[in-house]
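The structure appears right after this line, and notes come after that.
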Amino acid sequence: MRRLAARGAAGDAGEVAAPAADSTHCAQGRSPSPPRLIDVCAIWDTGVLPPTADWKGASSGVAGARLNEAETLSSIQEAQLERLEVATPCGPGSRERGPVLRMARQQLPPWVHAAILLCLLSLGRAIEIPMDPSIQNELSQPPTITKQSVKDHIVDPRDNILIECEAKGNPAPSFHWTRNSRFFNIAKDPRVSMKRRSGTLVIDFRSGGRPEEYEGEYQCFARNKFGTALSNRIRLQVSKSPLWPKENLDPVVVQEGAPLTLQCNPPPGLPSPVIFWMSSTMDPITQDKRVSQGHNGDLYFSNVMLQDMQTDYSCNARFHFTHTIQQKNAFTLKVLTNHPHNDSSLRNHPDMYSARGVAERTPSFMYPQGTASSQMVLRGMDLLLECIASGVPTPDIAWYKKGGDLPSDKAKFENFNKALRITNVSEEDSGEYFCLASNKMGSIRHTISVRVKAAPYWLDEPKNLILAPGEDGRLVCRASGNPKPTIQWMVNGEPLQSAPPNPNREVAGDTIIFRDTQISSRAVYQCNTSNEHGYLLANAFVSVLDVPPRMLSPRNQLIRVILYNRTRLDCPFFGSPIPTLRWFKNGQGSNLDGGNYHVYENGSLEIKMIRKEDQGIYTCVATNILGKAENQVRLEVKDPTRIFRMPEDQVAKRGTTVQLECRVKHDPSLKLTVSWLKDDEPLYIGNRMKKEDDSLTIFGVAERDQGSYTCVASTELDQDLAKAYLTVLADQATPTNRLAALPKGRPDRPRDLELTDLAERSVRLTWIPGDDNNSPITDYVVQFEEDQFQPGVWHDHSKFPGSVNSAVLQLSPYVNYQFRVIAINEVGSSHPSLPSERYRTSGAPPESNPADVKGEGTRKNNMEITWTPMNATSAFGPNLRYIVKWRRRETRESWNNVTVWGSRYVVGQTPVYVPYEIRVQAENDFGKGPEPDTVIGYSGEDLPSAPRRFRVRQPNLETINLEWDHPEHPNGILTGYTLRYVAFNGTKVGKQIVENFSPNQTKFTVQRADPVSRYRFTLSARTQVGSGEAVTEESPAPPNEATPTAAYTNNQADIATQGWFIGLMCAIALLVLILLIVCFIKRSRGGKYPVREKKDVPLGPEDPKEEDGSFDYSDEDNKPLQGSQTSLDGTIKQQESDDSLVDYGEGGEGQFNEDGSFIGQYTVKKDKEETEGNESSEATSPVNAIYSLA
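Quick note: the sequence shown uses our numbering, first residue 768, plus one each step.
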C-alpha cells in the first residue's frame, strides 16, 4: 500500500502561500504622520509584501507600493537621529513624538537637514486607489491614459484610419488632438470623427479622399478639472507598395567557378517588403552554402557551376499591408565552361571542381567588401552580422569575437553560417567580431566593429502619487541611454517653467519634491526623456485625498480550515491618510501580532499553524484621523481527513476474489466522498466489483484487473489518497517433482520499476520480480544513484524480504534519485534491473554539519581547517557551502568567518602554536544547518627553544647524572628530546653517542667508560617540525686532573707509542747530530773572544761591539753545558767534571792575536774557581750550543 503525497485543501482559504521572507517591520499597519511630520518607520522597512489574489494586488487595500526602495541613511544621519531619539515614531503615540522631531530638525546644520529631508521623503508611501467600482466612482481622480496607438503607426491605405487614445478619470476626461504640434480641429473635417466616450480618432475615406493627406505627428490630450494627460507623439504613415520598374535584363555571362551576385534592388516600400527568389515558373531557388540570399535581398553564388544554367532567377517582393507579391524580370545565366557536358555523376565526385577543370582559388569576400567595417545597433534590438565569401571550393564561414566568447544564450547562426544574429543586444555585446572564410586553399577574415547605442529606457518611471492632505512625496523620473538622454518636466501638458509657481513644489533634476500637499496641488505631470535615437513620455498624477477608513470585503465572512494547516485572513481596506489596521480575537484582548500570528502590511492576518483554540471570531479595525471601520471573520477549525487503514499490495491467482480496504476518519461536519482510481484513471465499477464505504471487492479476478488501485477520500476542504498494487498470477500446471529436479540458478533481474506516491521525503518503488530460476528469492536490494555529487555511482539504499515487490523508500531532500533493484537467492545475485525514472525531492536546510573537523598548522604562521565534505544525501539543497568560523581560544575575540565551497580553508598570519575554537556549519540555498560543535585546533608549530636548567652532576667516577627542565617556549607539541654526548681526553675525542627520549623524560644517567675522560653533552627538544635550539654542558674534571703534569704524562705515554712520533724523534736526533758536528768544526778553527776588565762583571747585551771591532757572542752561547742542572732560582750549576776555556784565564785578561793564537796569561786560581765560577761569564762552547738547541 502507498499513501500519496497529494493532500490538498479544496476551498481552504488558509492555503494561500506566505511571502518569501518575513521582514521585521517597524509596524505592520500604521497611520500616516500628521501634516509636516515625517514617518521614520519606513527607513527600516524592506518593502511591501505582495497582496492576496482575492483582491487584485491590494491596490484595493493599504498603500502597499513605495515610490522607491528604502535608502540607507549615512552614518552621520544615523548618529544624528539616534541623538535626537526619532527612531520609530510609529503606532500609538507617534503624533506626540512628531514635534520632538520637528524641533530637533531645526537644530541640525543646513546640509544635514537637507540630506535627512531628501532621504525621508524618498521613503514616503503613496496611496493606491482600489479597483472596487464603488470606490473608483466616488473618488476624484486626474486623467490617466489607458490605451494609445504605437509611436510609428503605419496604416493600410485601403482601410479607414484609426488612431487610438483612451483614458480614465473622475470626472470622465475630455479629449483633443494636435497634429504636427498644432491644434487639430476635428469639427472642420467631415472625414474625421472621435469615438464616443473615447479620444480615438476615426478618419473615414468611404466618401473619398487620399490617406496620404493625413500623414503627420499626432498627440492626444485627456483633460478633466484635475489635470491633463498626454499620449505619445504618434507618427502616422500610410503603407506604400510601389511597382517594380520595367527593365530588360540581358543574359548574365559568367565563367564556371567564378563568383556572381544577382542584385534585387526592390522598390522602396513602407514597411520594407519581404524578399525571396524563385524561378519564372514560381519554383523556389534551392539555397545552400554555395548559393544563398543575403540580408539585402541579393542572390550570391560563391562559385557558379554549369547546372546553374538550368533555371532562371527572379526576385520577388511581398508587401505586408497589401498582401501582394511583385516579381522582377528574371535573370538568365550563360555559364562558360571547359567541360561542356553537364555530367550529373560529377556532382558527387570527391574533387568535383578539378574533374570539371575549374581552377581552385582562395576565398575572397563578396559582402561586405574589404577587411574591416563597422555597424551600429540599438540596445534591445537584434544585431545581424553577415559575411558572404567566394572561392573554390566553397568556403566555410566561422564567427568569433575578439577578447571573448560569443553570447551562447543570445547568438544563433543563420543562412548556412553566413549570418550571425544576436538577439536583445545590450552594451556588453559591443566590440569587434570577425568572420573567417576558409577552404583548402587558404583563409581570409573580415572584422566588424559593433557599437551599441541606446534609445532612452526607464530606470525609474514616475508613478501616480496619491497623498493625504499635509503629506509629503516625490515624483522620480530616471532614464538611461546612449547618448545620455535629457529630461524635461511638464505639468498638464505645458512646460513646467511656464506653469504657475507652486511654493509646495521643488524641482531637483529628475525629481519633483512635494511638501505639505493640499487639495489644490492636484495635477498631471509629464516626464519626457529623449536622445537622438528616440524618446519616452510618462504621465504621473498627484492626487490629494481625504477619505475616512472603509472596508472593501464582505462582512461577517465564514472561513473553514483544516487543523494544523496554515491560513490567512484577509481584511482589505482603504482610507486617506493610510489607516492603521489591528486584529482582535473574540472582541477582546490585545492586538494580534507575533508568535503564531503575523500581520502583513496589506492587512492580512496569517495564522502559521491552526489549532483548535484558534477557532473564533476575528475582528479587524482600520483607523485614521478621520474615523475608523471594522469587519469580522468567523474561523472554524475542522479535523483533517485521514485514511487510517490503507489498501495493501496483493498477489492473487486468476479467478479468485480480492478485497482492498480503505477506512477513513474525517470531520463529521464535512461531507465525505470515497472514490477509486485504477492506474490513475477513474475506476468503472462493473458487475464483478462492489464498492462499499470502507472497501472495494473484485470477484473473479482476471488478468486485466492487474494494476494500481488508489483510494481517494475527500471532503470540500481536503483529501487523502492511498495506493496499492494488484498482481494477477496465471495458473501453474507444471508438476512439483519436475520443478524440484530443475537446476537452480541466480534470479533474473527485476523489471518494470515504477515510482508512485511521490512525497517530499518518500516515494514508493514497485517492481515486477524476475524468474527465480528454481531458487526462491530471499532478498531484494534497492540501490540509488544521484547525478550531482557522484553521477554513475550506485549506493545501497535498503534491503527488503523476497516476498515483497513494493516498498516505501525514505529520501533525503534535494537529491535527484534514480533506483534499481537486485534480487538475491541462495545461488547468488541477479543483474541489476534497468534504472527507474528520476525523482528529485524538494530542498531543505541541512540537518547536519560536516564531520572530522580539524585545525592543524602546515606552516608556523597558519592553520589549515579541514573537514569531510557532505555527500548528496546530506546536502539537502543546491549550492552547498560551508560557513567556517574561528577565533583564539579563551579570548573575547569576535568570531572570524568565511564561506567556503570546498573542504579546506587556510587561516594565515597566526601566532605560533596557539589554540583556536573552530566551527564549520553547512548551508545551502534553503538555509543553514544546525549550530555546529566547537572543535579545538592549533596553528602551526615551530622549532622549540632550548631546554631549561640543563644540569650535569658527577656523584662518583662511574656515573654522570643529567637533569633538565622543559623548554620555556615549546612552540608546539614536544615529541621528545635528543641528547648527543662524546668523551674526550685532552686532544683525543671519542665516538659521538645519540640518545632519544620521550617528551616526559627529564633525567638520564651516563655510565663512564673510564675514570679519566671527560664528557661533552648537547641537549635539544623536538617538535614535529624538527629539533630546536641546543644547550651544551661538560662534565666536571676528575680528581686526577687537578695537576696538569699527570695529564701531560698520560698523553706523552700515549703519544710515544705512535709510529709517527717515533719517526719524528729520529729525524730530530739526526739533525742535532749534524749541528754538533758543524759546531765542533767551527770551534776548532778558533775565534776572537772579548776580554773584560772586570771578570766579575757579565757581558751585557747593550754593548755587543768593542772599539777594536771584535764582537761578543750572544746570550745563546751562555747555555748550561751538558750535565748542568738548573736550580730552583734559575742559576746554572757546573758539574765538577766540567771543563771550559774559562779555566785557562782570568776574567778579561786573556786575549787572542789576530791569527787566533792565545796571548793572555794562563792563570788558574783554585779558590776563585770554587767561589766565583758561577758568576763569571762563560765562554760559549759547542756543547752549550747543542744543548740549547735541544
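Glycine residues also receive a C-beta, built at the ideal position from the N, C-alpha and C atoms.
Everything numeric in this text was worked out from a predicted model, so none of it was measured.
Item	Value
Test item: CB-CB of V1548 and L1532 under 8 Å	no
Residue(s) in a DSSP beta bridge with S1297	T1253, Y1302
Beta-carbon gap between K1627 and E1708 smaller than 8 Å	yes
Sequence-distant residues of the same chain with beta carbon closer than 6 Å to N1728, five excluded per side	R1720, T1772
Presumed contact (8 Å Cβ cut-off) between K1511 and N1540, rounded CB distance	6 Å
Outcome for H1564 when other beta-carbon atoms lying within 10 angstroms are tallied against a minimum of 16	buried
Per-residue DSSP class, three states only, for N1738	coil
Closest by C-alpha distance to D1524, when choosing among G1675, S1475, S1205	S1475
Check whether P1613 and F1643 have beta carbons under 8 Å apart	yes
Residues near D1692 in its chain [Cβ-Cβ closer than 6 Å; skip 5 each side]	G1644, P1645, N1646
Exposure of N1105, with buried meaning 16 or more beta-carbon neighbours within 10 Å	exposed
Range of the contiguous alpha helix (DSSP H) that encloses S1851	1826–1851
The segment 1280–1297 / the segment 1316–1336 touching (three or more Cβ pairs under 8 Å)	no
Among V1431, D1434, K1420, V1792, nearest to F1466 - alpha-carbon criterion	K1420
For L1786, the nearest candidate out of E1800, A1804, T1423 (CA to CA)	E1800
Meets three-Cβ-pair contact criterion under 8 Å: the segment 1583–1599 and the segment 1512–1520	yes
Within 8 Å, strictly: CB atoms of I1254 and A1204	no
Supposed close pair I1410, R1430 - CB separation, criterion 8 Å	7 Å
First and last residue of the uninterrupted alpha helix (DSSP H) at Y1120	1119–1122
Pick from G1669, W1668, K1652 that is closest to S1661, judged by C-alpha positions	K1652
CA-to-CA distance, V1311 to S1357, given in whole angstroms	33 Å
For V1839 and Q1889, the rounded distance between their alpha carbons	Any reading at Q1889 must be qualified, since the residue scores a pLDDT of 43, below 50, and its modelled position is unreliable; no value is offered.
Selection from L1372, T1053, P1051, N1083 that minimises the alpha carbon distance to N1063	N1083
Neighbour-count burial assignment, M1143, 16 or more Cβ in a 10 Å radius	exposed
Three-way DSSP call (helix, strand, coil) for T1477 in this model	strand
Cβ pair L1427, H1433 closer than 8 Å	no
CA nearest to the CA of P1034, picked from A1097, E931, S1008, D1732	S1008
Neighbourhood of A1178 by C-beta, 6 Å cutoff - its chain only, sequence neighbours within 5 removed	I1189
Three-state secondary structure assigned by DSSP to V1864	With a pLDDT of 43 at V1864, under the threshold of 50, the modelled position of this residue cannot be trusted, and the question is left open.
Boundaries of the beta strand (DSSP E) in which I1233 is found, first to last residue	1232–1234
Rounded C-alpha distance that separates P1250 from P1339	46 Å
Opening and closing residue of the beta strand (DSSP E) in which S1205 lies	1198–1206
Own chain, CB closer than 7 Å to D1732, minus 5 neighbours either side, in chain order	P1714, R1715, R1716, T1769
C-alpha distance - Q1136 paired with D971, whole-angstrom precision	49 Å
Whole-angstrom distance between S948 and T911, CA atom to CA atom	21 Å
Rounded Cβ spacing between L1226 and S1247 (contact assumed at less than 8 Å)	5 Å
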